[in-house]
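Encoded as structure tokens, the structure appears first; notes follow it.
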Amino acid sequence: MITTGEMQISGMLTMTVLSVMLVICAPGRSTRRISFAKARWMMAGGTGLIALQFLLQHAFGFRQMGVTQAVCCNLLFFTPSSLLCSMSILYMQRQGKVSWKEWLIGSSIYALSAGILIGTAVLDGVPFREESMALRIAEYVSSVLYVVMQTYIFSMQYKAYMRLETAVDEYYDRSRRDLFGWMGLSMKTMALMVFLVPLVIFMQGAPLVIFSISFFFIISYSTISLYTYGVSKDVERVEESIKEEGIVKSEKLATADESNEDSAAAANFSLFTIHSTLDRWIESGHYREHNLTLSIVARQMGVPQKQLQEWLRQSEYKKLAGLVSSLRIKEAQRVLIEHRDWSVESVADYCGFNDRKYFHQVFQQYTGTTPAKFQQNN
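Quick note on numbering: the UniProt record's numbering labels position 244 of the sequence shown as 244, and the sequence is numbered without any gaps.
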């Protein structure tokens, strides 16, 4: 069985290594991105606070004194740590656009929580090494405030994630959840942790050990994923889709006025023009090109990108991937019948699919059967 001391040392070393990785190991080109430059420091600050918490727990033996003393230390450090780690993900989601009001709300909740804990510990007249009912009640209140703070941040993360999902889905010719899927998993696991922390920190023994190990994995996954995302080209691809579609103009989603302007512009641009240029684009076979984006297709068709996007939203296709996938599957059906000697990989590549697995997935979604069975039956 892992002892409390071993667990604290392991946690301290793990969080220290993660902090050092974020501070020292980021390439210069990545640190020049405003969103990642700030996010990595916030995440490093969060992991650093956790490391400091484990160091203090180990040095002063709060867990050995009693549950109340250990929980007090946990809440004083876990709350700001969670605030920094969660806000770092929000920074990446919003490309660095987080308002001071949102920071103020989160910070104020922590300040209130810390004030209640420290004030109670100082004023209740019971030595810190002894169990105090007043301090235990203060910890319960602080735990509730922790949940409130994290719920507030999670609601912002969820909205930002949905905006990213919509932007990327509409911009690329296929599903690109691989670009930012780590955000969704980090959000879910950290949200789960939010509701477990106030319960588990009051426990001892096996439940505390199991939770601590899970906590290490969750924080490590989120930190390494944020680092990997920040130094990769994925962040550029996501930001490209958002900037091209004009979604990130402020900290909020497009206003009602902007939506009305877009709708009016789309109405002024002839639907007949879209249809005619679309027919020519299909005849040219451009839809078979790999890695198409909304901006590329608009340029090939010679139409404004925003109008093409609005037209797609109102059409049966809903987004670029719907249009392109439909055309590619029809072409794949023709090729499978006329070129029976071609391999599935060759058909997929010819029709614009990047790999066989995705081709199978989309083909079955549109036809209800696999390419091989379709070829056998036709």
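Where is the CB? At the ideal position from N, CA and C, for every residue including glycine.
Cutting at 7 Å between CB atoms, please list the residues of its own chain near L208, excluding the five before and the five after it.
Residue 208 sits at position 208 when you count from the first residue of the sequence shown. Counting only Cβ-Cβ distances below 7 Å, and skipping sequence neighbours, we find V200.
Contact set for R63: own chain, Cβ-Cβ below 7 Å, skip 5 residues either direction:
On the sequence shown, position 63 is the one that residue 63 refers to. Correct list, in chain order: T4, Q57 and A70.
Boundaries (first-last residue) of the alpha helix (DSSP H) holding E338:
Counting from 1 along the sequence shown, the entry for residue 338 is found at position 338. Unbroken alpha helix (DSSP H) run through E338: L320 to E338.
Do R288 and E331 have their C-beta atoms within less than 8 Å of each other?
Sequence index remark: in the sequence shown, residue 288 carries index 288 (1-based). Sequence index remark: in the sequence shown, residue 331 carries index 331 (1-based). Taking 8 Å as the Cβ cut-off, R288 and E331 qualify as a contacting pair.
What does the alpha-carbon distance come out to for the pair K318 and A348?
Within the sequence shown, the letter at position 318 stands for residue 318. Within the sequence shown, the letter at position 348 stands for residue 348. When the Cα atoms are used, K318 and A348 turn out to be separated by approximately 23 Å.
Am I right that Y227 and L22 are in contact with their C-beta atoms under 8 Å? What's the rounded C-beta distance?
For the purposes of this step, residue 227 is taken as the residue at position 227 of the sequence shown. For the purposes of this step, residue 22 is taken as the residue at position 22 of the sequence shown. With 8 Å as the limit, Y227 and L22 qualify as a contact, their Cβ atoms being about 6 Å apart.
Just to confirm the assignment: which complete alpha helix (DSSP H) runs, minimum length 4, are found wholly within the segment 176-209?
Counting only runs of 4+ residues, the alpha helix (DSSP H) found wholly inside the segment 176-209 occupies 181-200, in chain order.
T369 - DSSP class collapsed to helix/strand/coil:
Walking along the sequence shown from the start, residue 369 turns up at place 369. If DSSP states are grouped into helix, strand and coil, T369 belongs with coil.
Using only the alpha-carbon positions, how far apart do T79 and D234 sit?
On the sequence shown, residue 79 is found 79 positions in, with the first residue counted as 1. On the sequence shown, residue 234 is found 234 positions in, with the first residue counted as 1. Near 30 Å, if we compare the C-alpha coordinates of D234 and T79.
Under the assumption that L104 contacts A160 (Cβ atoms under 8 Å), give the Cβ distance between them as a whole number of angstroms.
As a working note, residue 104 is residue 104 in the sequence shown. As a working note, residue 160 is residue 160 in the sequence shown. So it is not a contact: roughly 18 Å between Cβ atoms.
For T3, the three-state DSSP class (helix, strand or coil)
Here residue 3 refers to the residue found at position 3 when the sequence shown is read from its first residue. T3: coil per DSSP, three-state reduction.
Delimiting residues of the alpha helix (DSSP H) encompassing P80:
Here residue 80 corresponds to residue number 80 of the sequence shown, with the count starting at 1. That run of the alpha helix (DSSP H) goes V67 to Q93.
Within 8 Å, do at least three Cβ pairs link the segment 107-121 to the segment 136-153?
Touching, yes.
Kindly identify the DSSP beta-bridge partner or partners of Y171.
Within the sequence shown, the letter at position 171 stands for residue 171. Y171 pairs with nothing; no bridge assigned.
Cut-off 7 Å between Cβ atoms - residues of its own chain near M193, not counting five sequence neighbours on either side:
Mapped onto the sequence shown, residue 193 falls at position 193. Excluding its 5 nearest sequence neighbours in each direction, M193 has C-beta neighbours in its own chain below 7 Å: F215 and I218, listed in chain order.
Could you compute how far the alpha carbon of A298 sits from the alpha carbon of E310?
The residue labelled residue 298 in the question sits at position 298 within the sequence shown. The residue labelled residue 310 in the question sits at position 310 within the sequence shown. Roughly 12 Å between the two C-alpha positions.
Should S186 be labelled buried (16 or more other beta-carbon atoms within 10 Å of its own) or exposed?
In the sequence shown, counting from the first residue as 1, residue 186 sits at position 186. Answer is buried; the Cβ neighbour count reaches 16.
Using only the alpha-carbon positions, how far apart do V126 and F60 sit?
Residue mapping note: residue 126 aligns to position 126 of the sequence shown, counting from 1. Residue mapping note: residue 60 aligns to position 60 of the sequence shown, counting from 1. Rounded to whole angstroms, V126 to F60 spans 18 Å at the Cα level.
Please work out which residues of its chain come closer than 7 Å, Cβ to Cβ, to G96, disregarding the five sequence neighbours upstream and downstream, and give them in chain order.
Numbered from its first residue, the sequence shown carries residue 96 at position 96. Excluding residues within five positions, the ones whose Cβ falls inside 7 Å are I34, S35 and K38.
Can you tell me whether F359 is buried or exposed, with buried defined as 16 or more other CB within 10 angstroms of its CB?
As a position in the sequence shown, residue 359 is number 359, starting the count at 1. Here F359 is buried, its C-beta having at least 16 other C-beta atoms within 10 Å.
Please report the distance separating the alpha-carbon of E102 from that of S343.
In the sequence shown, counting from the first residue as 1, residue 102 sits at position 102. In the sequence shown, counting from the first residue as 1, residue 343 sits at position 343. In a straight line, the C-alpha of E102 is about 55 Å away from that of S343.
Residue range of the alpha helix (DSSP H) that W311 falls in?
For the purposes of this step, residue 311 is identified with residue 311 of the sequence shown, where counting begins at 1. That run of the alpha helix (DSSP H) goes Q305 to Q314.
Mind checking whether Q307 and L294 have CB atoms under 8 Å apart?
In the sequence shown, the residue the question calls residue 307 occupies position 307. In the sequence shown, the residue the question calls residue 294 occupies position 294. It is not a contact, given that the beta carbons lie outside the stated cut-off.
Is the Cβ-Cβ distance between G46 and E131 less than 8 Å?
Position 46 of the sequence shown, counted from the first residue, corresponds to residue 46. Position 131 of the sequence shown, counted from the first residue, corresponds to residue 131. Contact flag unset, no.
For my contact list, V168 and S241 are in at a C-beta cut-off of 8 Å; report their separation, rounded to the angstrom.
For the purposes of this step, residue 168 is taken as the residue at position 168 of the sequence shown. For the purposes of this step, residue 241 is taken as the residue at position 241 of the sequence shown. With a Cβ gap of about 5 Å, V168 and S241 count as contacting.
Considering only DSSP beta bridges, list what T273 is partnered with.
By 1-based counting over the sequence shown, the position of residue 273 is 273. Answer is none; T273 lacks a bridge partner.
Tell me the rounded alpha-carbon separation between G322 and K373.
Reading the sequence shown from its first residue, position 322 is the one you call residue 322. Reading the sequence shown from its first residue, position 373 is the one you call residue 373. Distance between G322 and K373, taken at the CA atoms: about 23 Å.
State the CB to CB distance for the pair V303 and T273, rounded to an integer number of angstroms; the pair is presumed to be in contact (CB under 8 Å).
Here residue 303 is taken as the residue at index 303 of the sequence shown, counted from 1. Here residue 273 is taken as the residue at index 273 of the sequence shown, counted from 1. With 8 Å as the limit, V303 and T273 qualify as a contact, their Cβ atoms being about 7 Å apart.
Buried or exposed: which applies to E338, given that a residue is buried once 16 or more other Cβ atoms fall within 10 Å of its Cβ?
Reading the sequence shown from its first residue, position 338 is the one you call residue 338. E338 is exposed by the Cβ-count criterion.
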